[in-house]
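Numbering (my numbering), first residue to last: 302 to 628.
Using N, Cα and C, we set each Cβ at its ideal position, and we do this for glycine too.
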Ligand code: NDP
C-alpha cells in the first residue's frame, strides 16, 4: 500500500501534514476492492453503502474501517469523500436533505467521484458543491475488478490540477496511473469513449467468431490467429479466451453499466456534432442486449445475443488434449 503524508487544509487546522481522513461511499463490485486499499488506520476510513449489510461485511473483513449509517454521517469531518455508484444521477441524489453530503461536507473538503459518470451531471454536482466551498473531481477508473484488487487501476481525472495534487496520494492507493484529462467532466468523457471501444470490440469479435464457426473455423483457432495478428484487442486476448470459450461468463462488470457508458459516449458525439454512426449503432445494440439479458448480466454476456441472432455458439466444440475436436 502507498501511504504518503499530504498537506490537508481544514477549517480547524488551516494546514498540517496529517493523513487525510477519507470516506468511501458505494461498496459495489469495484468500489469494495478500491476501498479495501484505504482501510488503513492512518486514513481513519469510514464507509457507507445503501444496503447496510454490505458495509457491515466490508468492516468485518477490513479492520481499519468503520461503517456509518448515512452519507452525511460518513462525510462529516472528512477531507476526502469518494463515491463509486452506477451513474452520476445516483451521486447527485446523495447531495440533498439532512442525510445528504451538502449538509455535512466542510468547506475545503473534496468529493472525488469514481463513478463512470456523465460530464453534464458532474458539472452540475461540482457547481452545487462549489457554492459551499467543496471541491469536486470526476475520477472514473479502468482496469476492472482485477485491477481494483491489485491496486493497479487507471484513474481519469477531470477538474482543477491543484485539487488533484491534494488527493493524488489517496488515488495512488488503488491506481497506478493517475491521468489529468482536463476540466470537470473530461474524465467521464474519456472513460465513456474507452468503454464504447470495449463494447465495439466485444460485439464485432462476437459477430466475426459466430460467422467463422458457421464457416467451419473453430473459435479457439480463430482467436489464436487473431491474437497474433492486427485484429487483436483486450477482448480477443483476454475476455474471450477466459470468459467466452470457457462459457464461464463471470459477473464482474454489469452489462447495464456498459450500456450506460456507451450511451454517454454516443451522447457526447451527438453534442459535439461529430458524425458517429458506429457509436450510435453500438449504443443501440447494447441497449437491446441489456433489455434482453437484464440487470444482473455481465457485459461479456452481450455475446449471447450475437450468438442467438447468428444461430451458432462460440467455442462450443470442446477440444480434446490431442487437439482434436471432441464435440
Ligand atoms: P455495482 O452495481 O456492483 O455496485 C453499485 C454500488 O452503488 C452498490 O454499492 C450499490 O448499493 C450502490 N448504489 C446503486 N444505486 C445507488 C443509489 N441510487 N444510491 C446509493 N447507492 C447506490 O457497480 P460497480 O461497482 O461495478 O460499478 C460502480 C461504478 O464503477 C459504475 O459507474 C461502473 O460503470 C464503474 N466501473 C465498474 C467496473 C467494474 O469492473 N465493475 C470497472 C470500471 C468502472 P447496493 O449495495 O445498495 O446495491
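Sequence-distant residues of the same chain with beta carbon closer than 6 Å to residue 303, five excluded per side:
Walking along the chain shown from the start, residue 303 turns up at place 2. Residue confidence for residue 303 is low, a pLDDT of 46 falling below 50, so the modelled location carries little weight and cannot support an answer.
Just list the residues that DSSP pairs residue 443 with in beta bridges.
Within the chain shown, numbered from 1, the residue matching residue 443 stands at position 142. Answer is 455, bridged to residue 443.
Which of helix, strand or coil does DSSP assign to residue 553?
Start at 1 with the first residue of the chain shown, and residue 553 comes out as number 252. Three-state result, residue 553: coil.
Comparing alpha-carbon positions, which option in 555, 541 and 556 lies nearest residue 549?
Here residue 549 is taken as the residue at index 248 of the chain shown, counted from 1. Selected option, being the one with the closest Cα: 541.
Taking 8 Å as the threshold (C-beta atoms), are residue 375 and residue 348 in contact?
By 1-based counting over the chain shown, the position of residue 348 is 47. By 1-based counting over the chain shown, the position of residue 375 is 74. Taking 8 Å as the Cβ cut-off, residue 348 and residue 375 qualify as a contacting pair.
Out of curiosity, what's the CA-to-CA distance linking residue 423 and residue 461?
As a working note, residue 423 is residue 122 in the chain shown. As a working note, residue 461 is residue 160 in the chain shown. Approximately 14 Å, taken between the alpha carbons.
Using 8 Å as the threshold, is the C-beta distance between residue 493 and residue 562 below it?
The count along the chain shown starts at 1 and reaches residue 493 at position 192. The count along the chain shown starts at 1 and reaches residue 562 at position 261. Cβ distance < 8 Å, so residue 493 and residue 562 count as in contact.
Taking Cβ to Cβ, would you say residue 583 is nearer than 8 Å to residue 504?
Position 282 of the chain shown, counting from 1, holds the residue named residue 583. Position 203 of the chain shown, counting from 1, holds the residue named residue 504. In contact: residue 583 and residue 504 (Cβ atoms closer than 8 Å).
Measuring only the C-alpha atoms, how far is residue 577 from residue 435?
By 1-based counting over the chain shown, the position of residue 577 is 276. By 1-based counting over the chain shown, the position of residue 435 is 134. Answer to the nearest angstrom: the Cα atoms are 37 Å apart.
Segment contact flag, the segment 382 to 397 with the segment 425 to 444, C-beta cutoff 8 Å, min 3 pairs
yes
Starting from residue 331 and walking both ways along the beta strand (DSSP E), at which residues does that stretch end?
Taking the first residue of the chain shown as 1, we reach residue 331 at position 30. No beta strand (DSSP E) holds residue 331; DSSP gives it neither H nor E.
Give every residue of the same chain whose Cβ lies closer than 8 Å to the Cβ of residue 579, excluding the five residues on either side of it in the sequence, and list them in chain order.
The residue you call residue 579 lines up with position 278 of the chain shown. Around residue 579: 501.
Say yes only if the C-beta of residue 560 is nearer than 7 Å to one or more non-hydrogen atoms of the ligand NDP, and no if none qualify.
If you number the chain shown from 1, residue 560 lands on position 259. No, since every heavy atom of the ligand NDP falls outside the 7 Å radius drawn around the Cβ of residue 560.
Out of 437, 530, 604 and 518, point me to the one whose CA is closest to residue 499's CA.
Position 198 of the chain shown, counted from the start, is the residue given in the question as residue 499. Per the Cα distances, 604.
Between residue 555 and residue 599, is the Cβ-Cβ spacing less than 8 Å?
As a working note, residue 555 is residue 254 in the chain shown. As a working note, residue 599 is residue 298 in the chain shown. Yes, these two residues count as a Cβ contact at 8 Å.
Taking DSSP as the reference, what is the three-state secondary structure of residue 306?
Here the question's residue 306 lines up with position 5 in the chain shown. Because residue 306 sits at a pLDDT of 44, beneath the cut-off of 50, its placement in the model cannot be relied upon, and the point is left open.
What residues are listed by DSSP as bridge partners for residue 491?
Taking the chain shown and counting its residues from 1, one reaches residue 491 at position 190. In DSSP, residue 491 forms no bridge with anything.
Given the structure, does residue 629 come close to the ligand NDP, in the sense that its CB is under 7 Å from one of the ligand's heavy atoms?
Coverage of the chain is limited to positions 302 through 628, which leaves residue 629 absent and any answer about it impossible.
Identity of the residues DSSP links to residue 384 by a beta bridge:
Position 83 of the chain shown, counted from the first residue, corresponds to residue 384. DSSP, once it has assigned bridges, lists 326 and 414 as partnering residue 384.
Note down, in chain order, each residue of its chain lying with its Cβ closer than 7 Å to the Cβ of residue 602, except the 5 sequence neighbours on either side.
Residue 602 sits at position 301 when you count from the first residue of the chain shown. Counting only Cβ-Cβ distances below 7 Å, and skipping sequence neighbours, we find 550, 556 and 594.
Cα-Cα separation, residue 339 to residue 383:
Reading the chain shown from its first residue, position 38 is the one you call residue 339. Reading the chain shown from its first residue, position 82 is the one you call residue 383. So the two alpha carbons sit approximately 11 Å from each other.
Does the ligand NDP have a heavy atom nearer than 7 Å to the CB of residue 337?
Here the question's residue 337 lines up with position 36 in the chain shown. Residue 337 Cβ: outside cutoff for every heavy atom of the ligand NDP.
Please tell me whether, using a cut-off of 7 Å, the distance from the CB of residue 550 to the nearest non-hydrogen atom of the ligand NDP is below it.
On the chain shown, residue 550 is found 249 positions in, with the first residue counted as 1. No - the ligand NDP has no heavy atom lying nearer than 7 Å to the Cβ of residue 550.
I'd like to confirm something about residue 334: is its beta-carbon nearer than 7 Å to some heavy atom of the ligand NDP, or not?
Taking the first residue of the chain shown as position 1, residue 334 is located at position 33. Not so, every heavy atom of the ligand NDP lies at least 7 Å from the Cβ.
Is residue 511 near residue 613, with beta carbons less than 8 Å apart?
Residue numbering aside, residue 511 sits at position 210 when the chain shown is read from its first letter. Residue numbering aside, residue 613 sits at position 312 when the chain shown is read from its first letter. Cβ distance < 8 Å, so residue 511 and residue 613 count as in contact.
Please list the terminal residues of the continuous alpha helix (DSSP H) segment that includes residue 575.
For the purposes of this step, residue 575 is taken as the residue at position 274 of the chain shown. Looking at the DSSP string, residue 575 is not in any alpha helix (DSSP H), and its letter there is neither H nor E.
CA-CA distance, residue 433 and residue 409?
Stepping through the chain shown from its first residue, residue 433 is reached at position 132. Stepping through the chain shown from its first residue, residue 409 is reached at position 108. C-alpha separation (whole angstroms): 9 Å.
For residue 611 and residue 568, what's the separation of their Cα atoms in angstroms?
If you number the chain shown from 1, residue 611 lands on position 310. If you number the chain shown from 1, residue 568 lands on position 267. Distance between the alpha carbons of residue 611 and residue 568: 29 Å.
So if DSSP puts residue 480 in a beta bridge, which residue, or which two residues, is it bridged to?
For the purposes of this step, residue 480 is taken as residue 179 along the chain shown, with counting starting at 1. In the DSSP output, where bridge partners are listed per residue, residue 480 has 457.
Looking at residue 616 and residue 545, is the spacing between their C-beta atoms short of 8 Å?
Within the chain shown, residue 545 is the residue found at index 244, counting from 1. Within the chain shown, residue 616 is the residue found at index 315, counting from 1. Cβ distance < 8 Å, so residue 545 and residue 616 count as in contact.
Pick from 496, 326 and 416 that is closest to residue 373, judged by C-alpha positions
The residue labelled residue 373 in the question sits at position 72 within the chain shown. Nearest option by C-alpha distance: 326.
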